[in-house]
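K.L.:
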Amino acid sequence: MRRSLTKLFSGLSRTREAIVDGIQRALHGGRALDDEALAGIEETLIAADVGVETSLYLVERLRDAAREMETADTDAIVGFLAGEIGSMFTAGSDAEPERTRSDVDPGVSERPRVTMIVGVNGTGKTTTIGKLAGLLQREGETVLLAAADTFRAAAGEQLQIWAERTGAGFVFGQQGGDPASVAFDAAEAAVSRGVDHLLIDTAGRLHTQKNLIAELAKIRRVVEKRLPGAPDDVLLVVDANTGQNALSQARLFDEAVGLTGIVLTKLDGTARGGIVIAIARELSIPVRYVGVGEGLEDIARFDASEFARGLFPTESEAS
Ligand SMILES: Nc1nc2c(ncn2[C@@H]2O[C@H](COP(=O)(O)OP(=O)(O)O)[C@@H](O)[C@H]2O)c(=O)[nH]1
Ligand SMILES: [Mg+2]
């Protein structure tokens with residue numbers, strides 16, 4: 001298997017086992033794919049956080065297909081669902097191309113590409129920045145990290161450790177300092193050092209949510225002022241264990257700061273990885289990366305067909 005597929009495959013193991021077990025239970029005793037079995041499969045998908053609407057849709061498709069299936073065994077059903085899920089992502093990506101400005105703005109190649117990382121506390125923002133820095137540097141790009149989470153004590157030190165581990169540059173923000181001025185200084189430094197990428201870490205919690213949103217909007221404005229067209233990406237980091245709440249977080253942040261993508265973390269520890277499917281179907285914001293562990297290399301660029309295969313691989317891919 002390709003390396004990124006292996007990561008996704010093992011990261012999705014708990015989700016996969018839960019779904020495959022549920023399908024087997026629903027078909028217990030070789031029962032035909034009758035209403036009761038279909039209801040069991042629907043429950044299984046909902047429990048994996050595929051989303052109610054999407055689960056209903058998949059089960060209806062399965063009901064239609066069942067009439068033409070010779071044998072309704074687990075393999076046939078899993079194969080069918082993998083195909084449906086794969087085409088669901090493809091349909092979504094046709095409708096919504098990646099929302100990055102660098103594609104349309106040729107000036108972008110002459111300045112650092114700026115990515116702001118946002119999301120609620122503890123979802124994995126700082127860790128994701130560390131892993132992203134590693135990924136980009138392994139690809140030969142130069143990276144500068146900005147510690148614009150000045151709210152939480154030790155947030156800066158945590159990011160600095162990632163900078164040291166990956167060899168990325170680092171711009172520090174004093175605890176209690178103004179995050180927007182850290183971002184501004186970092187934008188200056190990124191230009192003067194001539195780096196390819198600036199990754200900006202932000203706070204996930206302030207005294208109120210309103211303050212947080214206002215602060216993120218200010219960081220955004222300040223960066224844009226220094227580097228017209230930036231930020232190129234605003235990525236929301238979401239914990240896969242959050243369940244359907246991930247959708248409301250995404251809507252909130254998108255409205256407030258305009259998201260270009262989602263990073264779904266902690267897929268490794270959850271049996272609810274179906275949230276990726278719900279996000280793809282219910283939001284027009286693409287999942288760009290997934291986090292599959294706490295280590296430096298535990299990140300993968302998200303690819304829809306790899307995801308469908310990671311969730312439901314064929315026998316040869318699984319071996
Ligand atoms: N298992 C697992 N843990 C993760 C992942 N990403 C982050 N974490 C852990 O989640 C915790 C919070 O991460 P942190 O980056 O500090 O979150 P932040 O508050 O959003 O910056 C830390 O213990 C991380 O090691 C992941 O993909 N998988
Ligand atoms: Mg953090």
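The numbers in this note's numbering rise by one with no breaks, and the one at position 247 of the sequence shown is 247. We treat Cβ as the ideally placed atom computed from N, Cα and C, and that holds for glycine.
(1) If contacts are defined as beta-carbon pairs under 8 Å, then Leu259 and Val234 qualify, I think. What distance do you get, rounded to the angstrom?
(2) Hey, would you say the C-beta of Glu294 is under 7 Å away from at least one heavy atom of ligand 1?
(3) Report buried or exposed for Asp75, applying the criterion of at least 16 other Cβ atoms within 10 angstroms of its Cβ.
(4) Measure the alpha-carbon distance for Val238 versus Glu60 and round it to whole angstroms.
(5) Which value, in whole angstroms, describes the spacing of the CA atoms of Arg63 and Thr123?
(6) Identify whether Asp94 lies in helix, strand or coil by the three-state DSSP scheme.
(7) Which residue spans inside the stretch 169-224 form an unbroken beta strand (DSSP E) run of at least 3?
(8) Grouping DSSP H, G and I as helix and E and B as strand, with all else coil, what is Leu235?
(9) Does any heavy atom of ligand 1 sit closer than 7 Å to the C-beta of Asn241?
(10) Output the residues surrounding ligand 2, defined as those with a CB atom closer than 7 Å to any ligand heavy atom, in chain order.
(11) Look up Arg113 in the DSSP assignment and say whether it is helix, strand or coil.
(12) When you compare only the Cα positions, how much space is there between Leu206 and Val290?
(13) Within this structure, are the beta carbons of Met116 and Arg220 separated by less than 8 Å?
(14) Entirely within the stretch 238-275 and at least 3 residues each: give me those beta strand (DSSP E) ranges in chain order.
(15) Does ligand 1 have a heavy atom nearer than 7 Å to the CB of Asn121?
(16) Are Ala147 and Val171 close, meaning C-beta to C-beta below 8 Å?
(17) What do you get for Lys210, buried or exposed, if any count of 16 or more other CB atoms within 10 angstroms of its CB means buried?
(18) So, for Ser10: in the same chain, excluding its five sequence neighbours on each side, which residues have a beta-carbon less than 8 Å away from its beta-carbon?
P.N.:
According to the structure shown:
(1) As a first step, residue 259 must be located in the sequence shown, where it is residue number 259. As a first step, residue 234 must be located in the sequence shown, where it is residue number 234. Between Val234 and Leu259 the Cβ distance is about 5 Å, and since that is below 8 Å, they are a contact.
(2) Residue mapping note: residue 294 aligns to position 294 of the sequence shown, counting from 1. Yes, the Cβ of Glu294 comes within 7 Å of a heavy atom of ligand 1.
(3) Taking the sequence shown and counting its residues from 1, the one referred to as residue 75 is at position 75. Under this definition Asp75 is an exposed residue.
(4) In the sequence shown, the residue the question calls residue 238 occupies position 238. In the sequence shown, the residue the question calls residue 60 occupies position 60. Those two C-alpha atoms are separated by around 29 Å.
(5) Looking up residue 63 in the sequence shown gives position 63. Looking up residue 123 in the sequence shown gives position 123. Answer to the nearest angstrom: the Cα atoms are 37 Å apart.
(6) By 1-based counting over the sequence shown, the position of residue 94 is 94. A caution first: Asp94 carries a pLDDT of 42, below 50, which makes its placement in the model unreliable, though a value can still be read off. Helix, per DSSP.
(7) 169-171, 197-202
(8) As a first step, residue 235 must be located in the sequence shown, where it is residue number 235. Strand at Leu235.
(9) For the purposes of this step, residue 241 is taken as residue 241 along the sequence shown, with counting starting at 1. No; taking the cut-off as 7 Å, the Cβ of Asn241 has no heavy atom of ligand 1 nearer than that.
(10) Lys125, Thr126, Asp149, Arg152, Ala155, Gln158, Asp201, Gly204
(11) Against the sequence shown, residue 113 aligns to sequence position 113. It is a strand residue.
(12) By one-based count along the sequence shown, residue 206 stands at place 206. By one-based count along the sequence shown, residue 290 stands at place 290. Distance between the alpha carbons of Leu206 and Val290 is about 26 Å.
(13) Stepping through the sequence shown from its first residue, residue 116 is reached at position 116. Stepping through the sequence shown from its first residue, residue 220 is reached at position 220. In contact: Met116 and Arg220 (Cβ atoms closer than 8 Å).
(14) 261-265
(15) Sequence index remark: in the sequence shown, residue 121 carries index 121 (1-based). Yes - ligand 1 has a heavy atom lying nearer than 7 Å to the Cβ of Asn121.
(16) Here the question's residue 147 lines up with position 147 in the sequence shown. Here the question's residue 171 lines up with position 171 in the sequence shown. Yes, these two residues count as a Cβ contact at 8 Å.
(17) Indexing the sequence shown from 1 puts residue 210 at position 210. Exposed, since its Cβ has fewer than 16 Cβ neighbours within 10 Å.
(18) Locating residue 10 in the sequence shown gives position 10, counting from the first residue. Here the set comprises Asp268, Val292.
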